[in-house]
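Position in the sequence shown counted from 1, then plus 762, gives you my numbering.
Below: the structure, in structure tokens.
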Amino acid sequence: MDTISYRTEFPNAQQVEHQWVVIDATDQVLGRLCAKVAKLLRGKYKPSYSPNMECGDNVIIINADKIVLTGKKMTDRVYLSYTGYPGGQRETTPEVLMKKSFKQHNQEKGMHPLFMQVMKGMLPKNRLGRRLIENMHVYNGPNHPHEAQNPTVIDINKLK
763 MDTISYRTEF PNAQQVEHQW VVIDATDQVL GRLCAKVAKL LRGKYKPSYS
813 PNMECGDNVI IINADKIVLT GKKMTDRVYL SYTGYPGGQR ETTPEVLMKK
863 SFKQHNQEKG MHPLFMQVMK GMLPKNRLGR RLIENMHVYN GPNHPHEAQN
913 PTVIDINKLK
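Next up, the structure:
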């Protein structure tokens, strides 16, 4: 019996093209922006998406200090962390995390504590998620040190 078989083509690591994308976060709602950034990091906007591979883009977020949280979430929302020791449960608010983002060593690395906290909840909780979050670079001002990669500027409001 000779039947026509249709094989699903899966990309391998060499076939995936990683692009560099710049997103302006001015007057964007934090959760809605991060949901779209998570899709970009995973590669869900690409036709060659594969759930078990790193096929997304590198995302540069500028003007992160102009992000908006609706309601009173800036002071009332509580993020919990645990040190691993008895009595080591710590509470932080988005306001405290925003103040931490202005430290010099965070700005040089492109790590924004508030964005890291939010994005970790939207990415897979495994090795793939830890690799994907390294592809996100967040800066408070309009400048970033990734000009050599020739990033393309996209409008985040046009993505679904």
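Glycine included, C-beta positions come from ideal geometry on N, C-alpha and C.
Of all the options the options, which has the alpha carbon lying nearest to the alpha carbon of residue i?
| i | options | result |
| --- | --- | --- |
| Gln776 | Lys806, Ser810, Ser767, Arg769 | Ser810 |
| Ala910 | Gln781, Lys806, Asn919 | Gln781 |
| Gly903 | Lys808, Gln879, His874 | His874 |
| Met860 | Phe877, His867, Glu870, Glu853 | Phe877 |
| Glu870 | Met884, Val821, Val900, Thr914 | Val900 |
| Val783 | Arg794, Asn774, Ile822, Lys835 | Ile822 |
| Gly793 | Glu771, Glu896, Phe772, Met836 | Met836 |
When you compare only the Cα positions, how much space is there between residue i and residue j?
| i | j | result |
| --- | --- | --- |
| Asn919 | Asp827 | 18 Å |
| Asp838 | Val858 | 11 Å |
| Thr832 | Ala797 | 15 Å |
| Phe864 | Asn814 | 35 Å |
Apart from the five residues just before and just after residue i, which ones in its own chain have a Cβ nearer than 7 Å to its Cβ?
| i | result |
| --- | --- |
| Lys816 | A small correction: the amino acid at residue 816 is Glu; Lys does not occupy that position in the sequence shown. Same-chain partners within the cutoff: Leu890, Arg893, Leu894. |
| Thr788 | Asn825, Lys828 |
| Gln851 | Leu842, Tyr844 |
| Leu802 | Val783, Gly818, Asp819, Val821 |
Label residue i either buried or exposed according to how many other C-beta atoms from any shown protein chain fall within 10 Å of its C-beta, with 16 as the threshold for buried.
| i | result |
| --- | --- |
| Arg804 | buried |
| Glu819 | Residue identity check: residue 819 is Asp in the sequence provided, not Glu. It counts as buried. |
| Asn888 | exposed |
| Tyr807 | exposed |
| His867 | exposed |
| Leu795 | buried |
Within the same chain, show all residues whose beta-carbon is closer than 8 Å to that of residue i, passing over the 5 residues directly before and after it, in chain order.
| i | result |
| --- | --- |
| Asn905 | Ile824 |
| Thr914 | Gln781, Trp782, Val783, Val784 |
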